Every structure is written in structure tokens, then in C-alpha cells.
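Our numbering numbers the first residue of the sequence shown as 17 and each following residue consecutively.
Every residue gets a Cβ at the ideal spot worked out from N, C-alpha and C, and that includes glycine.
Fair warning: this is a prediction, and the values are worked out from it, not measured in the lab.
Note sheet for the following structure.
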Amino acid sequence: MEHLLKTLMEALGPSGSEVPVRTIIMKEIKPYVDELSVDKFGNLIAHKKGTGKGEKVVFVAHMDEIALMVKSVEDNGQMRISTVGGISPVTLVGQLVAVLDRNGKQACEGVVSFPELHEDLEINMLPKLEDLYVDSGLDRRALKRHGVEVGSYIIPSHHFRFLDSQKIFCGKAIDNRSGCYIVIELIKKLKHIKHDLDLYFLFSVQEEIGMYGAQVSLYTINPDWGVAVDTTSSQDSECISPPPDAITVGKGPVLVLKDAEIITNKCLDDHLIKLSKKHKIPLQIKVEEVGTTDATRIMLYKKGLPSTVVGICLRNIHSSVGIASIDDVNNTVQLLFALIKNPPKIGV
Ligand SMILES: [Zn+2]
Numbered sequence: 017m018e019h020l021l022k023t024l025m026e027a028l029g030p031s032g033s034e035v036p037v038r039t040i041i042m043k044e045i046k047p048y049v050d051e052l053s054v055d056k057f058g059n060l061i062a063h064k065k066g067t068g069k070g071e072k073v074v075f076v077a078h079m080d081e082i083a084l085m086v087k088s089v090e091d092n093g094q095m096r097i098s099t100v101g102g103i104s105p106v107t108l109v110g111q112l113v114a115v116l117d118r119n120g121k122q123a124c125e126g127v128v129s130f131p132e133l134h135e136d137l138e139i140n141m142l143p144k145l146e147d148l149y150v151d152s153g154l155d156r157r158a159l160k161r162h163g164v165e166v167g168s169y170i171i172p173s174h175h176f177r178f179l180d181s182q183k184i185f186c187g188k189a190i191d192n193r194s195g196c197y198i199v200i201e202l203i204k205k206l207k208h209i210k211h212d213l214d215l216y217f218l219f220s221v222q223e224e225i226g227m228y229g230a231q232v233s234l235y236t237i238n239p240d241w242g243v244a245v246d247t248t249s250s251q252d253s254e255c256i257s258p259p260p261d262a263i264t265v266g267k268g269p270v271l272v273l274k275d276a277e278i279i280t281n282k283c284l285d286d287h288l289i290k291l292s293k294k295h296k297i298p299l300q301i302k303v304e305e306v307g308t309t310d311a312t313r314i315m316l317y318k319k320g321l322p323s324t325v326v327g328i329c330l331r332n333i334h335s336s337v338g339i340a341s342i343d344d345v346n347n348t349v350q351l352l353f354a355l356i357k358n359p360p361k362i363g364v
């Protein structure tokens, strides 16, 4: 099972170039759904028909990951960079990265550097994005021969690996390949299950730069309500005095009641809390000030729809490598499975 999570996390799929991730997902879910389509934007939409007695519901997980893009190339081959989605410059320093060609294939590798690091000078200030460059060891002409030019994507190179036993794992793109994995496992688990809900599973593009994929594909699906399956940051660092109910890696899925742009649907949230108690699935409740997810796009679709956010928490969320728990992943699958088997009656 975890092999699929590893494959998804190691796939190269920055916002706007999600084809490798979509190809993996399509192959995995094809035998388990009634319809599968890709829209003009690149979103993957899977449909699993219900008995006809239930509402139309969408579960969305975004396929894209935060990355960098080549902004300019010096004659000596040093590449200046722009961010694709929110990635903290300090986490990039000294990192090994993959540089992609215009077809999304790895063309060469490089290392992120800045002048003080390069020349072994005293570092007095944290570098800003404009101070950083990628050194691939190739000059401008050689890079061009490899298919690297302005507009090429750059992605941190990190393999999936377990850190302790077989519980805590790390790697790139946990946000949101963990969400893709959860939805895939959910689809597989529904194989022999009769359900009233008419189910749509949306694997969206370009979430990290503005939730654009979900925004456009909702017009194709036209759901009654929906759930975004996405990651959130943990609060379990002892170095910064965690709050009493700190969101902690390994303590269960996280239900987000509020983020920077949404107050999630109370009826849906209360129902999920009730289901977690009934099925003894651990659940953490989060209220936060920053970030948002595709759930906001569902909320704002047409005249407005009920939506919420469920997923796992991770440490170092907007960096080149995150840390999370496989138990949290599996418990999220269980909770969403319980939701489909016992959906809420959503009032206004
Ligand atoms: Zn995300």
C-alpha cells in the first residue's frame, strides 16, 4: 500500500504540469469507477454511481505540488528562480533539486546556493528568494541542449522514506499526494459497497497557485456538497510552546473548522465529529489564520455549497521535505469511508 504513496510523492507534478501524477492515478482507479475523464484544464474527474437515492457529492484532492521555475539563466549557467506556490526560501538553501525540461522530464540536477554560501563567507542574514540561484554545473549552452530554459520547473529531490519504525515518513509533496492517496484508497475500499451518494472524485490541478483547477471543474460536476482532502501544518514543535490541543503528527486526521478564507460547514463538521466518535477514529480539530484549500472553491460555487476540509497534518509543510504519519493517512481513509456509508442530512 505504502508503495503507491511513495510513487505518488516521488512523481514530478508541479502546478501547471501535473500529467505524471494524473497518469499514475488514472491507472490505479480505472477498474473501480464508472466514468473517468480529463477536462481541458487537466483535472481528472472520476464518477462512481450511487443507488439514485442520494445527493451528488465531490471529494477533491489536488495533484500539484509547490515548486520553483527558472526565471533567467546566466552565461555560466546559474539559474535565477521564481516560486510556484508558497515555498520558504530558507528551506531551499543547499538543497539538491531536479531541473525539468519543457516536457516535464528530469533534464539535470542542481544545488540551490547563494553568494555567501558559494564563497564560504559569514552568513549574517537569511537569504531572500532573489539571492538564490540553482547551480547545475552546466553552462547556459549546455542547459539549452538539455532542454532547460526560462520557464523550466525545478523540484526538490527527496525520496519517500520512513524515519523511525514504519509509522513516521518524510519526503517531498506530502501536500497533497497524501490526499491523492487517501482518495484512491477510498475509491478502492468502495468496490463492493452499495452507496446512495452519487460520488465524484476530483483530482485537481493548480491548487497551490490559486485553487484554479477545482474552480473550473465544479461546473462539470455540479455537486450538492463536497469535501477537500488536503494537508495542514502541525503545531507539535516543543521549541515554540505548543498550545494545549496542538495539532500533532500521529494523533489522527485533522478537521479544519476555519482557515484564512473559509468557515467550513457546521452540519458537515458536526457529522464528521460524531462519526469519528462512533467508529473510534481519532480526529483533531483545527482553527487557523493562514492558507486555504479547494473547499473554499466548493463553498463559493454558484449560489454557495456546504464544504469542509479533512486530511493529515505534517511538519515543515511549505518546505522541500515534510514529515507525517502513515496512521493518520489510514485513519483519514476510514473516516471518509464512514462518511460515505452514513452521509449527513445537510440543513442550511
Ligand atoms: Zn494542499
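Checklist line | At least 3 beta-carbon pairs within less than 8 Å: the segment 103–121 vs the segment 330–339 | finding: yes
Item checked: Minimum C-alpha distance to Ala230 - residue among Gln300, Ser152, Arg313, Leu355 -> The sequence position of residue 230 within the sequence shown is 214, counting from 1. Out of Gln300, Ser152, Arg313, Leu355, Arg313 has the C-alpha closest to the C-alpha of Ala230.
Check: For ligand 1, which residues count as neighbours when the test is a C-beta closer than 5 Å to any heavy atom?
Finding: Asp191, Asn192, Asp246
Next item on the list: Indicate whether Leu213 and Val73 have their beta-carbon atoms separated by less than 8 Å.
Entry: Position 197 of the sequence shown, counted from the first residue, corresponds to residue 213. Position 57 of the sequence shown, counted from the first residue, corresponds to residue 73. Contact flag set, yes.
Checklist line | Proximity below 8 Å, CB of Ile45 to CB of Ala62 | finding: Stepping through the sequence shown from its first residue, residue 45 is reached at position 29. Stepping through the sequence shown from its first residue, residue 62 is reached at position 46. Contact flag set, yes.
Note to self: Buried or exposed, going by whether 16 or more other CB atoms sit within 10 Å of the CB of Gly68?
What the structure shows: As a working note, residue 68 is residue 52 in the sequence shown. Exposed, because fewer than 16 other Cβ atoms sit within 10 Å of the Cβ of Gly68.
Notebook entry, point to check: In whole angstroms, what separates the C-alpha of Val245 from that of Val164?
Noted result: Position 229 of the sequence shown, counting from 1, holds the residue named residue 245. Position 148 of the sequence shown, counting from 1, holds the residue named residue 164. Their Cα atoms are separated by approximately 34 Å.
Margin query: Given a cut-off of 8 Å on the beta-carbon distance, is the pair Leu223 and Asp80 in contact?
Written below: Locating residue 223 in the sequence shown gives position 207, where the first residue counts as 1. Locating residue 80 in the sequence shown gives position 64, where the first residue counts as 1. A quick correction: the sequence has Glu, not Leu, at residue 223. In this structure, Asp80 lies closer than 8 Å to Glu223 by Cβ.
Next item on the list: Between the Cα of Val150 and those of Glu138, Lys210, His134, Ile139, spot the shortest distance and give me the residue it belongs to.
Entry: Position 134 of the sequence shown holds residue 150. Closest option to Val150, Cα to Cα, is His134.
Next item on the list: Tell whether a beta-carbon distance below 8 Å holds between Gly195 and Gly101.
Entry: Translated into the one-based positions of the sequence shown, residue 195 becomes position 179. Translated into the one-based positions of the sequence shown, residue 101 becomes position 85. No, the pair does not count as a contact, with Cβ atoms beyond the cut-off.
Note to self: Quick check on DSSP: helix, strand or coil for Asp214?
What the structure shows: Numbered from 1 along the sequence shown, position 198 holds the residue referred to as residue 214. Asp214: strand per DSSP, three-state reduction.
Next item on the list: Assign Asn140 to one of two classes, buried (16 or more other C-beta atoms within 10 Å of its C-beta) or exposed (fewer than that).
Entry: Residue numbering aside, residue 140 sits at position 124 when the sequence shown is read from its first letter. It is exposed - the Cβ of Asn140 has fewer than 16 other Cβ atoms within 10 Å.
Checklist line | Three-way DSSP call (helix, strand, coil) for Tyr317 in this model | finding: Taking the sequence shown and counting its residues from 1, one reaches residue 317 at position 301. If DSSP states are grouped into helix, strand and coil, Tyr317 belongs with coil.
Item checked: Residue closest to Gly70, alpha-carbon to alpha-carbon, out of Lys294, Arg96, Leu215 -> For this step, residue 70 is matched to residue 54 along the sequence shown. Residue Leu215 is the option with its Cα nearest to Gly70.
Next item on the list: Could you have a look at Gly268 and say whether DSSP puts it in helix, strand or coil?
Entry: Reading the sequence shown from its first residue, position 252 is the one you call residue 268. Coil.
Notebook entry, point to check: Less than 8 Å separating the beta-carbons of Thr280 and Leu291?
Noted result: Here residue 280 corresponds to residue number 264 of the sequence shown, with the count starting at 1. Here residue 291 corresponds to residue number 275 of the sequence shown, with the count starting at 1. Not closer than 8 Å, so no.
Next item on the list: Please name the residue, chosen from Gly153, Gly268, Ser323, that lies closest to Thr348 on a Cα-to-Cα basis.
Entry: The count along the sequence shown starts at 1 and reaches residue 348 at position 332. Nearest C-alpha to Thr348: Gly268.
Check: Just curious, the beta strand (DSSP E) that Ile170 is in, first and last residue?
Finding: The sequence position of residue 170 within the sequence shown is 154, counting from 1. Where Ile170 is concerned, the enclosing beta strand (DSSP E) stretches over 169–172.
Next item on the list: Quick one: residues in its chain with C-beta nearer than 8 Å to the C-beta of Gln122, no 5 flanking neighbours on either side, listed in chain order?
Entry: Position 106 of the sequence shown, counted from the start, is the residue given in the question as residue 122. Hits under 8 Å: Leu28, Ala114, Val115, Leu116.
Next item on the list: Assess, as a yes-or-no matter, whether the segment 162–179 is touched by the segment 291–303 under the definition of 3 or more beta carbon pairs within less than 8 Å.
Entry: no
Notebook entry, point to check: The beta strand (DSSP E) with Thr99 in it runs from where to where?
Noted result: As a first step, residue 99 must be located in the sequence shown, where it is residue number 83. Run containing Thr99: 95–100, per the beta strand (DSSP E) assignment.
Notebook entry, point to check: Per DSSP, Cys186 is paired with what?
Noted result: Indexing the sequence shown from 1 puts residue 186 at position 170. In the DSSP output, where bridge partners are listed per residue, Cys186 has Arg177, Ile339.
Check: For Leu21, is the classification buried or exposed, using 16 other Cβ atoms within 10 angstroms of its Cβ as the cut-off for buried?
Finding: By 1-based counting over the sequence shown, the position of residue 21 is 5. Result: buried.
Check: What are the boundary residues of the alpha helix (DSSP H) that includes Glu26?
Finding: Within the sequence shown, the letter at position 10 stands for residue 26. Glu26 -> alpha helix (DSSP H) spans 18–26.
Notebook entry, point to check: Using CA coordinates, which residue listed in Ala77, Lys64, Glu18 is at the minimum distance from Val37?
Noted result: The count along the sequence shown starts at 1 and reaches residue 37 at position 21. Among Ala77, Lys64, Glu18, the Cα nearest to that of Val37 is on Ala77.
Next item on the list: Tell me whether Met227 sits in a helix, a strand or coil according to DSSP, three-state version.
Entry: Position 211 of the sequence shown, counted from the first residue, corresponds to residue 227. Reduced to three states, the DSSP call for Met227 is coil.
Margin query: Short of 7 Å in beta carbon distance, which residues of its chain neighbour Ile190, apart from the five on each side in sequence? Order them along the chain.
Written below: Your numbering for residue 190 matches position 174 in the sequence shown. Same-chain partners within the cutoff: Met25, Thr247, Leu330, Gly338, Ala340.
Item checked: Cβ distance (whole Å) where Thr324 is taken to contact Asp275 below 8 Å -> Locating residue 324 in the sequence shown gives position 308, where the first residue counts as 1. Locating residue 275 in the sequence shown gives position 259, where the first residue counts as 1. So it is not a contact: roughly 11 Å between Cβ atoms.
Next item on the list: Would you list, in sequence order, the uninterrupted beta strand (DSSP E) runs of no fewer than 3 residues that lie entirely inside the segment 105–165?
Entry: 112–116, 122–129, 149–151
Margin query: According to DSSP, is Lys87 part of a helix, a strand, or is it coil?
Written below: Taking the first residue of the sequence shown as 1, we reach residue 87 at position 71. In the structure shown, Lys87 sits in a strand (DSSP, three-state: E or B).
Margin query: The alpha helix (DSSP H) that contains Ser292, what's its start and end?
Written below: To locate residue 292, count along the sequence shown from 1; it is residue 276. Residues 282–294.
Next item on the list: On a CA-only basis, which of Thr236, Glu304, Lys357, Glu146 is nearest Leu206? Give me that one, please.
Entry: Start at 1 with the first residue of the sequence shown, and residue 206 comes out as number 190. Selected option, being the one with the closest Cα: Lys357.
Notebook entry, point to check: Can you check whether the CB of Ile362 is closer than 8 Å to the CB of Val322?
Noted result: As a working note, residue 322 is residue 306 in the sequence shown. As a working note, residue 362 is residue 346 in the sequence shown. Contrary to the premise, residue 322 reads as Pro rather than Val in this sequence. It is a contact, given that the beta carbons lie within the stated cut-off.
Next item on the list: Note down, in chain order, each residue of its chain lying with its Cβ closer than 7 Å to the Cβ of Leu112, except the 5 sequence neighbours on either side.
Entry: In the sequence shown, residue 112 corresponds to position 96, counting from 1. Glu125, Val127, Ser173, listed in sequence order.
Item checked: Counterpart residues of Gln300 in DSSP-defined beta bridges -> Reading the sequence shown from its first residue, position 284 is the one you call residue 300. In DSSP, Gln300 forms a bridge with Val270.
Check: Asn59: buried (16+ other C-beta within 10 angstroms of its C-beta) or exposed?
Finding: Position 43 of the sequence shown holds residue 59. Buried, by the Cβ-count rule.
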